[in-house]
Amino acid sequence: MEIILSCIFCRIIDKQIPASIIYEDEKAVAFLDIHPINEGHVLVVLKRHEERLSGLSEDEAGYLLKIGRKLLKAIQESGIKCEGANLFLSDGPTAGQEVMHSHLHIAPRFEGDGQRVGFIHSDPAQYPRARLDQIATAITDKLARPDKFETITQPTLETKRLILRPYRESDLADIFAYASHPEVSKFVPWEAHIAIEDSKKFLDLVKLSTRTIRDKLYYVFAVRLKESGQVVGSIDFKNVNPCIGQIDYALGFDFWNKGIMSEAAEAIRDWAFENLPKMVRLQAFCVADNVGSSRVMEKIGMTREGMRRKAFVLKGNPVDLIDYAIVRDHEGR
Ligand code: AMP
Ligand code: ZN
43 MEIILSCIFC
53 RIIDKQIPAS
63 IIYEDEKAVA
73 FLDIHPINEG
83 HVLVVLKRHE
93 ERLSGLSEDE
103 AGYLLKIGRK
113 LLKAIQESGI
123 KCEGANLFLS
133 DGPTAGQEVM
143 HSHLHIAPRF
153 EGDGQRVGFI
163 HSDPAQYPRA
173 RLDQIATAIT
183 DKLARPDKFE
193 TITQPTLETK
203 RLILRPYRES
213 DLADIFAYAS
223 HPEVSKFVPW
233 EAHIAIEDSK
243 KFLDLVKLST
253 RTIRDKLYYV
263 FAVRLKESGQ
273 VVGSIDFKNV
283 NPCIGQIDYA
293 LGFDFWNKGI
303 MSEAAEAIRD
313 WAFENLPKMV
323 RLQAFCVADN
333 VGSSRVMEKI
343 GMTREGMRRK
353 AFVLKGNPVD
363 LIDYAIVRDH
373 EGR
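The numbering used here puts the first residue of the sequence shown at 43, with every later residue one more than the last.
Here's what the structure looks like:
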């Protein structure tokens, strides 16, 4: 059953209504404006529905402009009349935002196009330096205080050999390939995948549980080898509470003992400490017999804190767990 979306841009993104799409990637879409100011007038939107610019993360806001710049270059080279361009974003109905899904306009301009940017400047006498400074202070006061509701979205991280990115439907065959190996699921609560349906269920679960709600995050990253493009495992990050982050991972059997998971875990560690200022502890644990997993945690600088005896029932058998963690302000962080 198709769910009819109420937002017109979400419907375009979901291909429910026609649009002349000129660009699409995993995060953004760009299409021609249905009522162009000039030929080649394009709108860039993020796939995630968000009404206002302030609701976007720093990365998302930057991404809009990054794609806008790329598209402007293509427009300029396409033969469309484009001597210059206005890039603008109307934020809020008062500022002329009609479609409440934040978007960046790219409007080509040329001499004699009959368009104009219609602002009326105020009388300079109204704004002596003292008044300007007063206004500046009102803004800088807010800048100094970090926005506690700053939205963070799941990033894509890159290391020497890997790309860590959100899962895609097209990863299904790769997921099945690594998750169907009995060794891979030996020390984790889930069973080895027997049919591709099991991998589908995993993907659905990932989709359902991925979230960014204020201080609560749960991100599952597909670990993709740059060289072959293959997804060989997964690593997830969640914050148990704003101060404590936790990672869990699984890696395809053929890729063990190559430092792949420590390379991935290191990237998540650095991303988390950098982007979550409240996080003071990053933890992980594994079944005591899982030597490979312990090695990953040690390699990324975690300290072994102890063993919880018979603390987990793994596929019917009580097992010991080993706890590891790295904390901020010690251990070089
Ligand atoms: P704004 O006033 O900044 O919210 O801009 C909304 C823009 O979306 C306008 O320039 C409209 O022409 C454009 N628009 C509305 N509906 C569609 C659509 N179905 N396809 C393409 N552009 C659209
Ligand atoms: Zn929308």
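We put the beta carbon where it would ideally sit given N, CA and C, even for glycine. Just so it is clear, the structure is predicted and the values come from calculations on it, not from any experiment.
Exercise for the section: Using the Cα positions of glycine 134 and arginine 94, report the straight-line distance between them to the nearest angstrom. Expected result: 7 Å
Handout entry: Where glycine 301 sits in the DSSP three-state scheme
Key = coil
Practice task
Label glutamate 192 either buried or exposed according to how many other C-beta atoms from any shown protein chain fall within 10 Å of its C-beta, with 16 as the threshold for buried.
Solution key: Because glutamate 192 carries a pLDDT of 47, less than 50, the predicted location of this residue cannot be relied on, and the following value inherits that uncertainty. With fewer than 16 Cβ atoms within 10 Å of its Cβ, glutamate 192 is classed as exposed.
Practice task
Report whether the distance from the Cβ of aspartate 75 to the nearest heavy atom of ligand 1 is below 8 Å.
Solution key: yes
Practice task
Would you kindly report the start and end of the unbroken alpha helix (DSSP H) that includes arginine 242?
Solution key: Looking at the sequence provided, one finds lysine at residue 242 rather than arginine. Lysine 242 -> alpha helix (DSSP H) spans 238-251.
Practice task
Taking the CB atoms as reference points, tell me whether proline 208 and glutamate 68 lie closer together than 9 Å.
Solution key: yes
Problem - Which residues DSSP lists as bridging proline 150, in chain order - result: Ala127
Exercise for the section: Using only the heavy atoms of ligand 2, determine whether one of them is closer than 8 Å to the beta carbon of isoleucine 63. Expected result: no
Handout entry: Closest residue to isoleucine 50 among Val141, Asp331, Glu308, Gly334 (Cα-Cα distance)
Key = Val141
Exercise for the section: Provide the residue(s) that pair with histidine 145 in DSSP beta bridges, ordered along the chain. Expected result: Val87
Exercise for the section: Take the Cβ of arginine 111 as the centre, count every other Cβ of all protein chains shown within 10 Å, and call the residue buried at 16 or more, exposed below. Expected result: exposed
Problem - Closer than 5 Å: residues whose CB approaches a heavy atom of ligand 2 - result: Cys49, Phe51, Cys52, His91, His143
Handout entry: Proximity test, valine 86 beta-carbon vs ligand 1 heavy atom, cut-off 8 Å
Key = no
Practice task
Throw me the rounded Cβ distance for the leucine 146 and alanine 306 pair, which I believe falls under 8 Å.
Solution key: Not confirmed; about 33 Å, so no contact.
Problem - Terminal residues of the alpha helix (DSSP H) in which aspartate 216 lies - result: 214-221
Practice task
Check whether the Cβ atoms of lysine 320 and cysteine 285 lie closer than 9 Å to each other.
Solution key: yes
Problem - Rounded distance between the beta-carbons of alanine 70 and valine 84, thought under 8 Å - result: Actually they do not touch by this definition, with Cβ atoms about 12 Å apart.
Handout entry: arginine 350 in three-state terms, based on DSSP
Key = strand
Problem - Buried versus exposed call for serine 62 [16 or more other C-beta atoms within 10 Å across all chains shown] - result: exposed
Exercise for the section: Have a look at leucine 363 and lysine 352 and give me their C-alpha separation to the nearest angstrom. Expected result: 7 Å
Exercise for the section: Tell me glutamine 288's beta-bridge partners as DSSP assigns them. Expected result: Lys280, Gln325
Handout entry: beta-carbon serine 96 near ligand 1 non-hydrogen atom, thresh 8 Å
Key = no
Problem - Expected contact under 8 Å - CB spacing of serine 144 and glutamate 92 to nearest Å - result: 6 Å
Problem - Nearest to isoleucine 117 (by Cα), restricted to the options Phe161, Ala72, Val159, Gly156 - result: Ala72
Exercise for the section: Please state if the CB of phenylalanine 297 and the CB of valine 274 are separated by a distance shorter than 9 Å. Expected result: yes
Exercise for the section: Tell me whether proline 25 sits in a helix, a strand or coil according to DSSP, three-state version. Expected result: Nothing about residue 25 can be read from this structure; the chain reaches only from 43 to 375.
Problem - Sequence-distant residues of the same chain with beta carbon closer than 6 Å to glutamine 58, five excluded per side - result: none
Handout entry: Extent of the continuous beta strand (DSSP E) to which lysine 357 belongs
Key = Note, lysine 357: premise wrong, no beta strand (DSSP E); not H, not E.
Exercise for the section: Compute every distance between the C-beta of glycine 343 and the non-hydrogen atoms of ligand 1, then say whether any falls below 8 Å. Expected result: no
Exercise for the section: Can you give me the start and stop residues for the beta strand (DSSP E) that arginine 207 sits inside? Expected result: 204-208
Handout entry: Distance CB(tyrosine 366)-CB(phenylalanine 327) smaller than 9 Å
Key = yes
Practice task
Would you decide whether glycine 294 is buried or exposed? Buried here means 16 or more other CB atoms lie within 10 Å of its CB.
Solution key: buried
Exercise for the section: Given a cut-off of 9 Å, decide if valine 265 and isoleucine 289 are closer than it, judged by their beta-carbon atoms. Expected result: no
Practice task
Would you check whether ligand 1 has a heavy atom nearer than 8 Å to the C-beta of valine 159?
Solution key: no
Handout entry: glutamine 58 Cβ short of 8 Å to ligand 1 heavy atom set
Key = no
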